[in-house]
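A quick write-up on the structure given underneath.
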Amino acid sequence: LTANVEKVTDLMQIAGYGVFGTPAVVVDGEVKSVGKIPKKEDVLQWIK
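Quick note on numbering: the sequence shown equals residues -17 to 30 in this note's numbering.
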C-alpha cells in the first residue's frame, strides 16, 4: 500500500473541508474523523 500523508496547518484549507475542530482525518477528499484520534481499525477500513 502506498499512501501520501499530509499535515495541513492552513486554516482556510482546513475550513474548506467544513472542518472546524482538530484533529481531523480526510481520505480522498472525504472527511472521516473530526475532534478525535481515530481507532486503528477505522483507519484500516478507510484505506481499503
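Glycine is no exception: its CB is placed at the ideal position from the N, C-alpha and C atoms.
For clarity, every value in this text was computed on a predicted model and none was experimentally measured.
Close Cβ partners of residue i (< 8 Å) along its chain, the five nearest in sequence each way excluded
i, result
"V9", "W28 and I29"
Beta-carbon spacing of residue i, residue j below 9 Å
i, j, result
"V16", "F2", "yes"
For residue i, the nearest candidate out of the options (CA to CA)
i, options, result
"Y(-1)", "G11, E(-12) and K21", "G11"
Through-space distance from residue j to residue i, alpha-carbon basis
i, j, result
"A6", "A(-15)", "17 Å"
"L26", "I(-4)", "23 Å"
"E(-12)", "K18", "17 Å"
"V22", "K14", "Just to set this straight, residue 22 is Lys in the shown sequence, not Val. Taking the straight line joining both Cα atoms gives about 13 Å."
Cut-off 6 Å between Cβ atoms - residues of its own chain near residue i, not counting five sequence neighbours on either side
i, result
"M(-6)", "none"
Residue i beta carbon near the ligand ATP (any heavy atom closer than 8 Å)
i, result
"V13", "For the ligand ATP, the structure offers nothing, since it holds no ligand at all."
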